[in-house]
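Numbering (the working numbering), first residue to last: 34 to 278.
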């Protein structure tokens, strides 16, 4: 079991947050001793391996609520190809590295709530705008630290979305975050912000790309699978809010 304190969530969400990640070997007794009595954090999140329903039931008996199933995905880039259904768009869509000074419009689009299937967005305890602030802060931190590179996706010269790509190793990239701008979601171009990170990673010489998707966003999961991703791991995510006097 790994315990990760998350001080950054105080700025993002106004809560003292902690995450517990289980590896599946923990005993119910150990969880009872080390987690269920935790009162120092008012927002608690647990990631439970699929199959450990005994842990899920225990957590639910003590105030935790199911938030999502998290899917860890991976794709082999060797035979990457755009599905035929989307080939007709290929000549109109392109991506480019973000230019200095353009970052703020990406952050603002995120703050407007484009990630409306996020567990924080859907959590009635939080205000919906807090989810956008959280994602925007995360995106900004990734870009400013140089850990991730942001790219703009365009259709006929019109900006429709963005993606963040993070190098994990000389063979692997992480499609860390991708989104369509709200006004463009009706165009049927959602595949573009998921496919072009794959193409960019392959152009950079990567052999594999990874991503993470929530069960709260089945359309994204279907699209990832259609583009060639495979599910490598799954975990249940449960959360608990501690009301302090």
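The C-beta atom is built at its ideal place from N, Cα and C for all residues, glycine as well.
Report the three-state DSSP secondary structure of residue i (helix, strand or coil).
i           : result
residue 181 : strand
residue 203 : coil
residue 34  : coil
residue 247 : strand
residue 62  : helix
residue 214 : coil
If I follow the unbroken beta strand (DSSP E) through residue i, where does it start and stop?
i           : result
residue 94  : Residue 94 -> not in any beta strand (DSSP E); alpha helix (DSSP H) instead, spanning 86-94.
residue 108 : 98-109
residue 257 : Where residue 257 is concerned, there is no enclosing beta strand (DSSP E), although the alpha helix (DSSP H) it sits in stretches over 251-259.
residue 271 : 263-274
residue 82  : 76-82
residue 52  : 50-54
Apart from the five residues just before and just after residue i, which ones in its own chain have a Cβ nearer than 6 angstroms to its Cβ?
i           : result
residue 196 : 184, 211, 226 and 230
residue 235 : 110 and 113
residue 164 : 151, 153 and 154
Who are the near neighbours of residue i in its chain, counting only those whose CB is closer than 8 angstroms to its CB and skipping five residues on each side?
i           : result
residue 170 : 41, 44 and 45
residue 89  : 81, 99, 269 and 271
residue 125 : 188 and 189
Within a Cβ cutoff of 7 angstroms, which residues of the same chain sit near residue i, ignoring the five residues on either side of it in sequence?
i           : result
residue 228 : 115 and 260
If we count the other Cβ atoms within 10 Å of its Cβ and call it buried at 16 or more, is residue i buried or exposed?
i           : result
residue 223 : buried
residue 252 : exposed
residue 257 : buried
What are the start and end residues of the alpha helix (DSSP H) that includes residue i?
i         : result
residue 8 : Because residue 8 is not part of the residues shown, which for the chain are 34 to 278, the question remains open.
Three or more C-beta pairs under 8 angstroms: does that hold for the segment 203-221 against the segment 143-163? A contact exists between the segment 203-221 and the segment 143-163.
Decide if the segment 80-87 is in contact with the segment 54-64; the criterion is three or more beta carbon pairs, one per stretch, under 8 angstroms apart. Two segments are said to touch when three or more pairs of C-beta atoms, one from each, lie closer than 8 angstroms; by this definition the segment 80-87 touches the segment 54-64.
Quick check: the segment 158-174 against the segment 93-108, are there 3 or more CB pairs under 8 angstroms? These segments do not touch.
Using a Cβ distance threshold of 8 angstroms, determine whether the segment 178-194 contacts the segment 59-69, with at least three qualifying pairs required. Too few Cβ pairs lie closer than 8 angstroms, so no.
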